[in-house]
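Same order as they appear, the protein sequences are chains W and X.
Okay, so the first sequence: first residue is 9 according to my numbering, each after it adds one.
Okay, so the second sequence: first residue is 9 according to my numbering, each after it adds one.
No residue lacks a Cβ here, since even glycine has one placed at the ideal position from N, Cα and C.
Everything on this sheet refers to the single structure shown next.
Number of protein chains: 2
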Amino acid sequence: MRLIDESAIKNIAIGASFFGAGGGGNPYYGMLQAVAAVRQYGPVKLLDVSEIDPAAWYSPVAGMGAPAVGLEKFARGDEYQRVFDAVAQYTGHHFAGTFPIEAGGGNSLVPLTLAATMNLPLVDADSMGRAFPELQMSTLALAGVTTTPMAITDVQGNTSIINTVTGKWAERLARAETVEMGGTATVSLYACTGAQLRDHGVTGIVTACELVGSRIRDAHRDPEAALTEILDITHGYELFTGKIIDVERRTEKGFNVGEIKIDGYDDYEGHKLSVMIQNENLIAIRDGQPITMTPDLIEILDAETLEPVTTEVIKYGKRVRVLGTPADAKWRTPAGIACVGPRYFHFDYDYVPLEQLIKEAK
Amino acid sequence: MRLIDESAIKNIAIGASFFGAGGGGNPYYGMLQAVAAVRQYGPVKLLDVSEIDPAAWYSPVAGMGAPAVGLEKFARGDEYQRVFDAVAQYTGHHFAGTFPIEAGGGNSLVPLTLAATMNLPLVDADSMGRAFPELQMSTLALAGVTTTPMAITDVQGNTSIINTVTGKWAERLARAETVEMGGTATVSLYACTGAQLRDHGVTGIVTACELVGSRIRDAHRDPEAALTEILDITHGYELFTGKIIDVERRTEKGFNVGEIKIDGYDDYEGHKLSVMIQNENLIAIRDGQPITMTPDLIEILDAETLEPVTTEVIKYGKRVRVLGTPADAKWRTPAGIACVGPRYFHFDYDYVPLEQLIKEAK
Numbered sequence: 009m010r011l012i013d014e015s016a017i018k019n020i021a022i023g024a025s026f027f028g029a030g031g032g033g034n035p036y037y038g039m040l041q042a043v044a045a046v047r048q049y050g051p052v053k054l055l056d057v058s059e060i061d062p063a064a065w066y067s068p069v070a071g072m073g074a075p076a077v078g079l080e081k082f083a084r085g086d087e088y089q090r091v092f093d094a095v096a097q098y099t100g101h102h103f104a105g106t107f108p109i110e111a112g113g114g115n116s117l118v119p120l121t122l123a124a125t126m127n128l129p130l131v132d133a134d135s136m137g138r139a140f141p142e143l144q145m146s147t148l149a150l151a152g153v154t155t156t157p158m159a160i161t162d163v164q165g166n167t168s169i170i171n172t173v174t175g176k177w178a179e180r181l182a183r184a185e186t187v188e189m190g191g192t193a194t195v196s197l198y199a200c201t202g203a204q205l206r207d208h209g210v211t212g213i214v215t216a217c218e219l220v221g222s223r224i225r226d227a228h229r230d231p232e233a234a235l236t237e238i239l240d241i242t243h244g245y246e247l248f249t250g251k252i253i254d255v256e257r258r259t260e261k262g263f264n265v266g267e268i269k270i271d272g273y274d275d276y277e278g279h280k281l282s283v284m285i286q287n288e289n290l291i292a293i294r295d296g297q298p299i300t301m302t303p304d305l306i307e308i309l310d311a312e313t314l315e316p317v318t319t320e321v322i323k324y325g326k327r328v329r330v331l332g333t334p335a336d337a338k339w340r341t342p343a344g345i346a347c348v349g350p351r352y353f354h355f356d357y358d359y360v361p362l363e364q365l366i367k368e369a370k
Numbered sequence: 009m010r011l012i013d014e015s016a017i018k019n020i021a022i023g024a025s026f027f028g029a030g031g032g033g034n035p036y037y038g039m040l041q042a043v044a045a046v047r048q049y050g051p052v053k054l055l056d057v058s059e060i061d062p063a064a065w066y067s068p069v070a071g072m073g074a075p076a077v078g079l080e081k082f083a084r085g086d087e088y089q090r091v092f093d094a095v096a097q098y099t100g101h102h103f104a105g106t107f108p109i110e111a112g113g114g115n116s117l118v119p120l121t122l123a124a125t126m127n128l129p130l131v132d133a134d135s136m137g138r139a140f141p142e143l144q145m146s147t148l149a150l151a152g153v154t155t156t157p158m159a160i161t162d163v164q165g166n167t168s169i170i171n172t173v174t175g176k177w178a179e180r181l182a183r184a185e186t187v188e189m190g191g192t193a194t195v196s197l198y199a200c201t202g203a204q205l206r207d208h209g210v211t212g213i214v215t216a217c218e219l220v221g222s223r224i225r226d227a228h229r230d231p232e233a234a235l236t237e238i239l240d241i242t243h244g245y246e247l248f249t250g251k252i253i254d255v256e257r258r259t260e261k262g263f264n265v266g267e268i269k270i271d272g273y274d275d276y277e278g279h280k281l282s283v284m285i286q287n288e289n290l291i292a293i294r295d296g297q298p299i300t301m302t303p304d305l306i307e308i309l310d311a312e313t314l315e316p317v318t319t320e321v322i323k324y325g326k327r328v329r330v331l332g333t334p335a336d337a338k339w340r341t342p343a344g345i346a347c348v349g350p351r352y353f354h355f356d357y358d359y360v361p362l363e364q365l366i367k368e369a370k
């Protein structure tokens with residue numbers, strides 16, 4: 009157990025935005041909210057999965073919807089407790105703690121705010137080890153934890169309990185409600201036992217976010233050294249350095265979708281990188297060849313500050329460094345690839361691990 | 009109390025289609041289902057509101073979605089009990105009986121099937137006295153009964169409990185789910201006490217449907233006499249006799265919307281009638297002047313058989329008689345007109361009662 013205070017929250021916000029791989033929402037607003045909650049209610053206890061009760065129940069809380077909408081339409085704050093309580097009341101479970109559904113700027117901080125407000129511990133595990141755009145995309149789901157019963161609520165105070173035959177149906181019905189609710193909503197889903205979270209979640213992700221975040225916050229002292237440390241922590245690779253020359257981005261069926269085009273400079277002079285997005289960065293194509301594919305992570309960082317740039321705020325002219333990070337091993341299985349691999353997102357590529365693509369490109 | 013048997017069901021099916029005013033779904037499939045249920049489980053007890061326990065709880069079950077989709081995509085049958093039980097479980101109420109949410113071919117029969125299957129009584133009241141396209145349109149709602157908690161389910165077995173701040177929000181969220189579920193769904197909403205149903209429902213509607221239905225089934229013997237009797241029972245008016253020369257109908261956001269154009273013959277030779285629809289017949293315009301406006305009912309009947317023709321099956325070339333029926337007095341209030349009057353449906357008319365329009369047209 010250790011305490012998450014205001015400084016740790018700022019690190020987690022930045023690091024979660026890194027692991028969000030372009031998605032999970034912008035960290036700034038969620039960070040302000042979590043900091044305010046910790047100031048009011050005190051620091052949050054972070055528990056390692058070895059410290060939680062395997063038989064107790066845990067439930068996450070997250071934002072759902074297009075991050076671009078979330079930039080202008082904030083949660084009121086009472087939504088988090090409302091969905092959390094709705095699932096508890098419906099299932100009859102007492103929840104011993106909460107955890108992030110995904111690593112992502114906004115969604116890593118939502119359960120922190122809830123944990124502070126309700127004086128609950130936060131578990132150091134999530135169900136993706138990154139961010140993904142759809143509800144059924146969860147390592148817990150790969151292991152048979154059901155997506156529903158889930159709760160969804162909005163700023164007006166409307167709340168639904170959704171019970172579906174598959175996780176994909178939960179995604180479809182909750183997405184339809186999210187769009188109707190104005191493009192963003194708050195959800196709670198994948199309630200599970202401590203044992204399930206320990207065995208099938210991506211463990212240590214909050215700590216990993218904090219670690220990467222602290223390096224990024226210090227990066228101004230020596231960006232190159234910080235980058236090397238980050239690649240070391242994440243077992244990642246540098247993919248590209250360049251300037252954004254085009255951003256094609258639209259909000260479609262509740263998602264941000266589009267393509268980001270980057271022209272290289274420095275070591276990448278004369279080269280081109282294109283990143284395909286659906287809330288998250290999904291495929292990076294360098295000079296016509298894929299160099300990183302979902303579920304492996306593609307991070308676009310500000311070239312000066314190394315701050316991660318999420319898909320809803322990325323702009324023409326920005327100078328960026330692009331990294332690739334191997335996904336958690338749970339995603340690199342046939343079931344994982346079927347769930348979140350390139351073909352699921354309608355890209356005509358078979359998944360090849362990042363390490364192999366890098367080797368082939370050299 | 010009296011028993012509803014197979015013959016009564018056939019009358020109710022036809023009569024409900026009359027009061028459905030073009031909507032509420034086609035009666036044929038629902039009739040087959042109710043007849044099968046009564047054959048298997050025995051006749052259904054129909055209770056007058058004077059016979060029900062004012063303190064007990066009652067809950068309706070209905071189909072939701074575009075009737076045109078319902079023609080090809082049937083309920084499996086287990087949906088009715090699933091939504092009914094979902095509301096009971098969520099609210100903790102024991103329901104002493106069920107009732108139709110609206111009078112309409114399909115939706116008058118759904119609670120009959122449920123009542124037979126679960127051996128529950130059916131109450132002789134609904135919450136519209138006709139059919140309307142949206143969930144917040146209910147005389148119970150006008151009196152303060154809340155639309156939610158409601159349950160919605162589909163043929164796949166997905167079920168949601170929806171809790172909203174207004175009836176209109178229930179409509180929006182349930183409609184979004186209905187569209188995602190494939191255009192049709194089964195819902196349960198407006199759970200209320202016996203006293204609420206007695207005081208704020210439209211009472212005697214099942215009996216009225218049965219009465220009108222029996223006259224229509226006998227109409228082949230003497231159509232003119234049957235028509236006179238029907239107008240007498242419903243306090244209605246003959247609006248038009250003619251041939252359908254154009255049907256503009258599309259499925260939009262889960263509704264059937266469009267316009268039906270009719271050229272007159274016999275007494276109406278040289279005259280024209282146009283009926284604007286949104287699942288139901290909403291406004292009838294005769295020679296450019298409104299002759300009946302929602303919430304008053306517009307019924308389009310087959311000229312030979314007097315069988316009501318619902319909006320999803322009406323066809324070019326059909327010879328029809330068009331009637332108008334005054335709505336229940338609960339709808340003819342300022343709150344009722346705000347909820348279901350012409351302006352709600354974006355028609356640029358102030359509501360004028362049918363009787364007055366008829367008088368002015370003479």
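Would you verify that the beta carbon of Q164(W) is, or is not, closer than 8 Å to some beta carbon of chain X? yes
Rounded C-alpha distance that separates V214(X) from P62(X): 19 Å
Grab the span of the alpha helix (DSSP H) containing Y245(X) for me, first residue to last. From DSSP, Y245(X) is part of no alpha helix (DSSP H) but of the beta strand (DSSP E) over 245-260.
Using a C-beta to C-beta distance shorter than 7 Å, which residues of chain W count as neighbours of L181(X)? N166, S168, E185, E188
Under the three-state reduction of DSSP, which class applies to L197(W): helix, strand or coil? coil
Closer than 8 Å at the beta carbon, the chain W residues around V173(X): Q164, G165, N166
W177(W): contacting residues in chain X (beta-carbon distance under 7 Å): Q164, N166
Hey, how far is the Cα of S196(W) from the Cα of W177(W)? 15 Å
Given that a residue counts as buried once 16 or more other Cβ atoms are within 10 Å of its Cβ, and exposed if not, what is N127(X)? exposed
Segment contact, 8 Å Cβ cut-off, at least three pairs: the region 274-291 of chain W with the region 241-253 of chain W: yes
Taking Cβ positions, are T318(W) and G71(W) nearer each other than 8 Å? no
Are three or more beta carbon pairs between the region 120-136 of chain X and the region 96-109 of chain X nearer than 8 Å? yes
Quick test of your reading: G349(W) and G244(W), contact by CB under 8 Å. State the CB separation rounded to the nearest angstrom. That belief does not hold up - the Cβ atoms of G349(W) and G244(W) are roughly 19 Å apart, past 8 Å.
Mark K323(W) as exposed unless 16 or more other C-beta atoms lie within 10 angstroms of its C-beta, in which case mark it buried. exposed
What's the call for G221(X), buried or exposed, on a 16-neighbour Cβ count within 10 Å? buried
In this structure, how does DSSP classify F26(X) when only helix, strand and coil are distinguished? helix
Note down, in chain order, each residue of its chain lying with its Cβ closer than 6 Å to the Cβ of T186(X), except the 5 sequence neighbours on either side. M72, G73, A193, G262
Enumerate in chain order the residues of its own chain whose CB-to-CB distance from N34(X) is below 8 Å, with the five nearest sequence positions on each side excluded. S25, P75, G78, L79, G113, G114, T318, E320, V321
Of the residues G272(W), R10(W), E256(W), the one placed nearest G266(W), counting alpha carbons only: E256(W)
Give the straight-line distance between the Cα atoms of V91(W) and T99(X), rounded to the nearest whole angstrom. 17 Å
Contact between the region 343-361 of chain X and the region 305-313 of chain X: three or more CB pairs below 8 Å? no
Out of A182(X), P68(X), T156(X), G191(X), point me to the one whose CA is closest to T259(X)'s CA. G191(X)
Determine whether the beta carbon atoms of A64(X) and G272(X) lie at a separation below 8 Å. no
Buried or exposed for A182(X), going by 16 or more other Cβ atoms inside 10 Å? buried
Between which residues of its own chain and Y66(X) is the CB-CB distance below 8 Å, once the five residues before and five after are set aside? I60, F103, A104, G105, T106, F107, V131, A199, C200, T201, G202, L205
Does DSSP classify A70(W) as helix, strand or coil? strand
Can you look up I60(X) in the DSSP assignment and give me helix, strand or coil? coil
If I measure Cβ to Cβ from R84(X) and keep anything under 6 Å in the same chain, skipping five residues before and after, which residues do I get? V163
Assuming I170(W) contacts M158(W) (C-beta within less than 8 Å), just tell me the rounded distance between them. 5 Å
On the DSSP bridge assignment, give the partners of G332(W) in chain order. Y245(W), I306(W)
Could you give the residue range of the alpha helix (DSSP H) that holds L11(X)? Segment 10-12 is the beta strand (DSSP E) holding L11(X); no alpha helix (DSSP H) there.
Return the chain-ordered list of same chain residues with a C-beta closer than 8 Å to the C-beta of M9(X), the five sequence neighbours on each side being excluded. K53, L54, L55, D56, E59, P129
With distances taken from CA atoms, which of N19(X), E14(X), G30(X), F82(X) is nearest Y37(X)? F82(X)
Please specify which runs of the beta strand (DSSP E), each continuous and at least 3 residues long, are wholly inside the region 81-127 of chain X, giving them in chain order. 103-105
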